[in-house]
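The structure appears right after this line, and notes come after that.
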Amino acid sequence: MSIETARGIGDEAAAAMDKEVEALMKRASARIAAEVSTLDTDALGRIKPTAANIQHINAILDRVSATLFDDKYVEAVTRYLNGLTRVSGTVSTALKSLGADDALLSVIARRAKVGAATQLLSTSSYRDLLGSVSAQLINGIVTSADASAVSLGLTEAVDASGIDRAVKSQIDSAPAAMQRAQTAAASEQAGIVFYRFQGRPIATTRPWCLAREGKVWHVEEIREWGREAAAGKGWDGMIEGTNEQTIFTYLGGWYGDRAACRHVLVPVLPSRVSPEDMARMRAKGLVD
Ligand SMILES: [Zn+2]
Numbered sequence: 049m050s051i052e053t054a055r056g057i058g059d060e061a062a063a064a065m066d067k068e069v070e071a072l073m074k075r076a077s078a079r080i081a082a083e084v085s086t087l088d089t090d091a092l093g094r095i096k097p098t099a100a101n102i103q104h105i106n107a108i109l110d111r112v113s114a115t116l117f118d119d120k121y122v123e124a125v126t127r128y129l130n131g132l133t134r135v136s137g138t139v140s141t142a143l144k145s146l147g148a149d150d151a152l153l154s155v156i157a158r159r160a161k162v163g164a165a166t167q168l169l170s171t172s173s174y175r176d177l178l179g180s181v182s183a184q185l186i187n188g189i190v191t192s193a194d195a196s197a198v199s200l201g202l203t204e205a206v207d208a209s210g211i212d213r214a215v216k217s218q219i220d221s222a223p224a225a226m227q228r229a230q231t232a233a234a235s236e237q238a239g240i241v242f243y244r245f246q247g248r249p250i251a252t253t254r255p256w257c258l259a260r261e262g263k264v265w266h267v268e269e270i271r272e273w274g275r276e277a278a279a280g281k282g283w284d285g286m287i288e289g290t291n292e293q294t295i296f297t298y299l300g301g302w303y304g305d306r307a308a309c310r311h312v313l314v315p316v317l318p319s320r321v322s323p324e325d326m327a328r329m330r331a332k333g334l335v336d
């Protein structure tokens, strides 16, 4: 079991959760589209442009919110959280040799899980979806559109929708972020100064990460990346608020759809640092 294994488990949990959100949208679209039939229509099946219909939108949105999460989705969230538990267990095993404090690692894991659960099970994370449903209904009412056409439009819109983009990025990043926080905490306790910047190259690996990948870095070099970010010399995709402390958990950051930074810092012993990396650190006066 290694830090590397943990990252793989975390990646899989995040990818599976993304798929489950897509599946939820497919299941929800028919239910949401059927709500159009609760609006008043004329003899030709056109939605009447009335105040009552406009006011009825709120009742529809309330019902959509109340029924959005079905059992399958709740089970998927549970699997995702179990994935975080497995990541944490793997990290804790890997860091045992550093003398990592299990209680501290557990608290970090619990915080990550509570945060992810809150986001995944809150309809406020689906604000874009609900906003799109509302907009389509209003548009259908004021233009007296054909009810079946509005229903079809809703189905398509919901199918293509999902959890809000910013939340999705955080859910994608959560396993790696939790793992980084645990590693940083354990290393801090153990006085570790060398870290390998590790991760599988993916199609969307950002240049900032690529330049660091595979090399061993001194804790002071990593802090310097954070200080540069805080001073406005950041990089594409960095998380707002990156500084010499948060760099250890934010690392490369996140952006776009599937491009959350999944790199991790792996603590390494001095004997495992390559001569080139050691020479670079020596040139900076960080090692003797
Ligand atoms: Zn990265």
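Here the sequence shown stands for residues 49 to 336, where the numbers follow the numbering used here.
Glycine included, C-beta positions come from ideal geometry on N, C-alpha and C.
It should be emphasised that the depicted structure is a prediction, and the values quoted were computed from it without experimental measurement.
Range covered by the alpha helix (DSSP H) that runs through residue i
i	result
Y121	D119 to L143
R55	I51 to A82
V155	D150 to L168
P223	R213 to A238
I186	R175 to V190
L258	P255 to L258
A100	A99 to T115
V206	A195 to D207
Range of the contiguous beta strand (DSSP E) that encloses residue i
i	result
L313	V312 to V316
R244	F242 to Q246
Cβ pair residue i, residue j closer than 9 Å
i	j	result
I156	M65	no
T203	A78	yes
V335	R244	no
E268	V241	yes
R94	A193	yes
G137	A238	no
Q230	L317	no
I80	V190	no
For residue i, the three-state DSSP class (helix, strand or coil)
i	result
V264	strand
G304	With a pLDDT of only 47 at G304, under 50, the local geometry of the prediction cannot be trusted, and no value is derived from it.
T290	coil
T89	strand
G333	coil
D284	coil
Touching by the beta-carbon criterion (3+ pairs, under 8 Å), the segment 57-64 and the segment 121-135:
These segments touch.
Would the segment 310-328 and the segment 264-271 be scored as touching if the rule is three or more Cβ pairs under 8 Å?
Here the segment 310-328 lies against the segment 264-271, with 3 or more beta-carbon pairs under 8 Å apart.
Cβ pair count under 8 Å reaching 3, the segment 159-166 against the segment 222-237:
yes
Closer than 8 Å is the cut-off here; do at least three beta carbon pairs connect the segment 137-153 with the segment 199-218?
no
If you measure from each CB to the nearest heavy atom of ligand 1 and keep those under 7 Å, what residues do you get, in chain order?
G247, T253, R254, C257, L299, G300, C309, R310 and H311
Report yes or no: do the segment 278-291 and the segment 81-91 share at least 3 C-beta pairs separated by less than 8 Å?
No, they do not touch.
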